[in-house]
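Enquirer: So that we are looking at the same thing, I have put the structure below in structure tokens.
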Amino acid sequence: MRKLVRYTFGLGLFFLGACSSQRDTFPNRAFHNLTSHYNAYFLADTKIKATEDQVIENYKEDYTQILPVFIPIDSATIQKNKVALDSARDLSSKAIDWHRISKWVDDSYYLIGKIDYLQGRVDDAKNTFRYVNSQSKDKDLRHKALISLLHLYIDQNAIEEANFTIDYLSKETEINSDNTFDLYKTIAYYYEKRGDPNGVIGALDRALNYTSAKKERSRLYFILAQRYQREGLDALAFDYFQKSLEGNPSYESSFFATLFAQQVAELNASKDLKKVRNYYEDLYKDPKNKDLKDVVIFERALFEEKQNDIPLTLELLHQAAKEAGSIPRVKGYIYQKLAEIKLDQFKDYRATKYYLDSALKFIQAEDPVALQLKEKKTSLDTYVFHFERIKKNDSYVLISIFVFSTDVAK
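In terms of this note's numbering, the sequence shown opens at residue 3 and continues consecutively.
Structure below.
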């Protein structure tokens, strides 16, 4: 019994001594490494990842447009997770303040930088990533901080700083696979922001060599396929659309991959118009596509436009606008196409203006497409305002003449 008491007392003294955050001894370091990792860092990291997963889950991919390299951060989702992120910040701070001699201090600083980035504290995030890069002895963590800093520079269009960071990282050796993947993906984002499709393709193609995550690979294959399709490289586009189907993607992703693969393989080159139209009819009738009927009709309309059948194209676009759909932005693109045809084919400025109004109801204000449409609509608004005013005044003149004539006749 006495031995048990002495053992318990000794063990208590061991942990009491180990609680010091300053004394650099092996048992003290072991204690702080263990508690900071599992009691603070791990929990904070889990909360941050859960928030990031929600951002991805809540994002609605627009497969009719080239997918962005990175899914945009949704401020509404970040706000909904404010309590979780604030808790993660508190845990990370405790890992730093209470366990100063642990090896997880710099990692915890990095987590605070990520939280700042997610919550829009850009300057704080920038300073934290710089601090981690300059102070950490962990090469992998320094690389991770630099890549996050590069992402932030690209967000801000700080091209000179981004170029310097890319150049620095290109000279670094022994960058691990995870960081290499993130680096190439971030470089693809750099080229995306600069409007360089070849740069995006090259960087994403390299990134694929450094990840085995099925969903990630499927999405990157889809982006590459879209890029190749836009560049007119149909054979490569077909191969990559097929590869994107291998990662067990969502039904929508599979639908668009199959549709676009079929387009580049047969539909665009086919001279059998009946076969093509039957293909779209079959897609339209398939019950699995009941939430994508507007997409099928829209794609059919684009095909008919290539055949120069403008009346049928307009008829199909109007039908597509009325169909139910699961992707609101598609409706915006349908009205955008109607506006384009009314302007280019008929010089009908009034109809163009009202179709653009309808398009902007379905395309989010911060979307680059919306900004382009608003710019185009500005001059049309002025024209239509004066046109309708003149038309209204002409109507008043005609009514006055009619009344005057009637009075004279009496």
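Quick reminder that beta carbons are idealized off the backbone N, C-alpha and C, glycines included. Since the structure is predicted, the reported quantities are computational estimates derived from the model, not experimental observations.
So, helix, strand or coil for A353, using DSSP?
Expert: What you label residue 353 is simply residue 351 of the sequence shown in a count that begins at 1. A353 falls in the helix class under three-state DSSP.
Enquirer: Whose C-beta lies closer than 7 Å to the C-beta of L314 among residues of the same chain, with five residues either side of it excluded?
Expert: Taking the sequence shown and counting its residues from 1, one reaches residue 314 at position 312. Within the same chain, L314 has close Cβ partners E306.
Enquirer: Ignore the nearest five residues each way along the sequence and tell me which others in L318's own chain have a CB closer than 7 Å to its CB.
Expert: In the sequence shown, the residue the question calls residue 318 occupies position 316. If we look at L318 and ignore the five residues flanking it on each side, its Cβ neighbours are I299, R302, A303, E306.
Enquirer: For K363 versus K379, is the C-beta distance shorter than 8 Å?
Expert: Numbered from its first residue, the sequence shown carries residue 363 at position 361. Numbered from its first residue, the sequence shown carries residue 379 at position 377. No, these two residues do not count as a Cβ contact at 8 Å.
Enquirer: Compute the Euclidean distance between the alpha carbons of N178 and H145, then round it to the nearest angstrom.
Expert: Mapped onto the sequence shown, residue 178 falls at position 176. Mapped onto the sequence shown, residue 145 falls at position 143. Straight-line Cα distance between these residues: approximately 9 Å.
Enquirer: Closest to S381 by C-alpha separation, out of Q228, Y351, L261, would be which residue?
Expert: What you label residue 381 is simply residue 379 of the sequence shown in a count that begins at 1. Residue Y351 is the option with its Cα nearest to S381.
Enquirer: Looking only at C-alpha atoms, which of I329, A326, L69 sits nearest to E194?
Expert: Within the sequence shown, numbered from 1, the residue matching residue 194 stands at position 192. Comparing C-alpha distances from E194 to each of I329, A326, L69 shows the shortest one belongs to L69.
Enquirer: Around the C-beta of Y335, are 16 or more other C-beta atoms found within 10 angstroms, so that it is buried, or is it exposed?
Expert: Sequence index remark: in the sequence shown, residue 335 carries index 333 (1-based). Y335 is buried by the Cβ-count criterion.
Enquirer: Taking C-beta to C-beta, are R219 and G249 nearer than 8 Å?
Expert: Within the sequence shown, numbered from 1, the residue matching residue 219 stands at position 217. Within the sequence shown, numbered from 1, the residue matching residue 249 stands at position 247. For R219 and G249, yes; Cβs fall inside 8 Å.
Enquirer: Does the structure place the segment 73-93 close enough to the segment 185-203 that three or more beta carbon pairs sit under 8 Å?
Expert: no
Enquirer: Thinking E325 and K295 are a contact (beta carbons under 8 Å), I'd like their distance in whole angstroms, please.
Expert: As a position in the sequence shown, residue 325 is number 323, starting the count at 1. As a position in the sequence shown, residue 295 is number 293, starting the count at 1. Correct: roughly 4 Å between the Cβ atoms.
Enquirer: Around the Cβ of F348, are there at least 16 other Cβ atoms within 10 angstroms (buried) or fewer (exposed)?
Expert: Taking the first residue of the sequence shown as 1, we reach residue 348 at position 346. F348 should be labelled exposed.
Enquirer: Which word fits N280, buried or exposed, when buried means at least 16 other C-beta atoms lie within 10 angstroms of its C-beta?
Expert: Translated into positions along the sequence shown, residue 280 becomes position 278. N280 should be labelled exposed.
Enquirer: Taking Cβ positions, are A42 and K84 nearer each other than 8 Å?
Expert: Residue mapping note: residue 42 aligns to position 40 of the sequence shown, counting from 1. Residue mapping note: residue 84 aligns to position 82 of the sequence shown, counting from 1. In this structure, K84 does not lie closer than 8 Å to A42 by Cβ.
Enquirer: Give the DSSP-derived three-state secondary structure of V85 in the structure shown.
Expert: Taking the sequence shown and counting its residues from 1, the one referred to as residue 85 is at position 83. It is helical.
Enquirer: Restricting to Cα atoms, I'd like to know which of S328, Q81, V371 is closest to K339.
Expert: Your numbering for residue 339 matches position 337 in the sequence shown. Per the Cα distances, V371.
Enquirer: Let me know the alpha helix (DSSP H) ranges lying completely inside the segment 301-338, each 4 residues or longer, listed in chain order.
Expert: 312-324
Enquirer: Looking at the structure shown, is R91 part of a helix, part of a strand, or coil, going by DSSP?
Expert: Here residue 91 refers to the residue found at position 89 when the sequence shown is read from its first residue. Helix, per DSSP.
Enquirer: Which of the three DSSP states, helix, strand or coil, is assigned to P289?
Expert: By one-based count along the sequence shown, residue 289 stands at place 287. P289 falls in the helix class under three-state DSSP.
Enquirer: If contact is defined by three or more beta carbon pairs under 8 Å, each pair taking one atom from either stretch, is the segment 237-248 in contact with the segment 219-228?
Expert: yes
Enquirer: What number of angstroms, rounded off, separates the C-alpha of A259 from the C-alpha of Y242?
Expert: In the sequence shown, residue 259 corresponds to position 257, counting from 1. In the sequence shown, residue 242 corresponds to position 240, counting from 1. Each residue's Cα considered, the two are about 9 Å apart.
Enquirer: Are the Cβ atoms of I156 and A147 separated by less than 8 Å?
Expert: Stepping through the sequence shown from its first residue, residue 156 is reached at position 154. Stepping through the sequence shown from its first residue, residue 147 is reached at position 145. No, these two residues do not count as a Cβ contact at 8 Å.
Enquirer: Could you give the DSSP three-state label for R229: helix, strand or coil?
Expert: Position 227 of the sequence shown holds residue 229. Note: R229 maps to helix in three-state DSSP.
Enquirer: Would you verify that the beta carbon of K287 is, or is not, closer than 8 Å to some beta carbon of chain B?
Expert: The structure shown contains no chain B, having only a single protein chain.
Enquirer: From this set, E254, A160, V278, which residue's C-alpha is nearest V124's C-alpha?
Expert: Here residue 124 refers to the residue found at position 122 of the sequence shown. Closest in C-alpha terms to V124, from the list E254, A160, V278, comes A160.
Enquirer: Look at the alpha carbon of D311 and the alpha carbon of I343, and state the distance between them as a whole number of angstroms.
Expert: Walking along the sequence shown from the start, residue 311 turns up at place 309. Walking along the sequence shown from the start, residue 343 turns up at place 341. Distance between the alpha carbons of D311 and I343: 12 Å.
Enquirer: Select from V134, V266, L206, D88 the residue whose C-alpha is nearest the C-alpha of G234.
Expert: One-based indexing of the sequence shown puts residue 234 at position 232. Closest by alpha carbon: V266.
Enquirer: What do you get for P251, buried or exposed, if any count of 16 or more other CB atoms within 10 angstroms of its CB means buried?
Expert: Within the sequence shown, the letter at position 249 stands for residue 251. Buried is the call here.
Enquirer: Looking only at C-alpha atoms, which of T53, T66, N181 sits nearest to E254?
Expert: Here residue 254 corresponds to residue number 252 of the sequence shown, with the count starting at 1. The option with the nearest alpha carbon to E254 is T66.
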